[in-house]
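Counting with the numbering used here, you get residues 755 to 984 for the letters of the sequence shown.
For glycine and all other residues, C-beta sits at the position ideal for the given N, C-alpha and C.
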Amino acid sequence: MIALLWLAVLVAALTLYLRQVYSRFSRFGVKHFEPVPPVGNLSTVLMRKAHASEDFNNLYQAFPGERFAGRYEFLRNIVMIRDLELVKSITVKDFEHFIDHRMLADADVEPLFGRNLFSLRGHEWKEMRSTLSPAFTSSKMKAMAPFMMEVSEQMINFLKMQIKESGGKHADIECKDLMTRYANDVIASCAFGLKVDSHNDRENEFYSIGTETANFDFKKMLVIFGYACF
755 MIALLWLAVL VAALTLYLRQ VYSRFSRFGV KHFEPVPPVG NLSTVLMRKA HASEDFNNLY
815 QAFPGERFAG RYEFLRNIVM IRDLELVKSI TVKDFEHFID HRMLADADVE PLFGRNLFSL
875 RGHEWKEMRS TLSPAFTSSK MKAMAPFMME VSEQMINFLK MQIKESGGKH ADIECKDLMT
935 RYANDVIASC AFGLKVDSHN DRENEFYSIG TETANFDFKK MLVIFGYACF
C-alpha cells in the first residue's frame, strides 16, 4: 500500500514537472509544435522518419509570420530565429553574448565530438577558431583545387569503368555512396595529404573508420541528443 502511495506521488510529481517544462513557450506566447514527453519535438528525428535539417525546415515553414519559433529537445527549450534583423543582432552586434555552444559530448569521454568547433565554448572556442581560420584563406582554398581535381578525375574514371562494364550504355549508381566516397577522398587528400581511392579500394582503412565515425544510428543519436539536451 505504501509503495503504491509513493508511486502515485512520484507519478504526480513527474507529471507536474513535465507540464511545467513543456508549457514554457505557451506561457510566453512563443509558437511551437506540440511536444511529446520526454523527447519533446525529436520523435521524428529519433525514429529516423526525417533528417534533423528537414525537422528544422518544417518548424521554420510552419510559422511564416513569426520572428522566432520554439522547439523542445528532450527537456531543453530551443528558439529558432527567423527574423533577419535578430540574426544580424545575434551574430554581429551582440555576438559576445552568444559565443558559447551547447556541448554535444564530454571532451574527456568523447574527444572527437567534444573538441569539435561546434561544441567548444568561450576562450577555448576563440583559440580553436583562430587556429583553424588560416587554413581556409583564399590562397589555401586555391591550393586545394588541384587535389580536388585529382579526386574528381578518379571518380570520373570509376564511373566510366562502371558504364563500360554494364555494356556501354548506362550504370546504376548509388549517389549517396558515390559522393560520400568522393568527400572522403577529398578530405584525405586536402587535410591529411593521403592519396586514397575509395571508389576502387572500397574497404580502405581511412574510409571504413570515417564511415563508422559518421554513422549515427539510433543509439548514438540518443546518447548525443540526451547529453546535449538534459
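| query | result |
| --- | --- |
| Option in Gln774, Gly783, Ser807 with minimal Cα separation from proline 792 | Gln774 |
| Methionine 755, DSSP secondary structure in three states | coil |
| Burial state of asparagine 811, where buried means 16 or more other Cβ atoms lie within 10 Å | exposed |
| The region 871-890 in contact with the region 899-913 per 3-pair CB rule at 8 angstroms | no |
| Spatially closest choice to lysine 973 from Glu788, Met801, Ala767, by CA coordinates | Met801 |
| Spatial neighbours of valine 799 in its chain, beta-carbon cut-off 6 angstroms, leaving aside the 5 residues before and after | Ala806, Asp809 |
| First through last residue of the beta strand (DSSP E) which encompasses alanine 823 | 822-827 |
| Ordered list of alpha helix (DSSP H) runs contained in the region 862-892, each at least 4 residues | 865-868, 876-886 |
| Segments assigned alpha helix (DSSP H), at least 4 residues, entirely inside the region 768-854 | 778-781, 797-800, 806-816, 838-842 |
| DSSP-derived helix/strand/coil call for leucine 764 | helix |
| Which listed residue (Asp837, Ala804, Leu829, Phe828) has its alpha carbon closest to that of glycine 819 | Asp837 |
| Alpha carbon of glutamate 850 to alpha carbon of methionine 895, nearest angstrom | 29 angstroms |
| Extent of the continuous alpha helix (DSSP H) run through lysine 930 | 929-946 |
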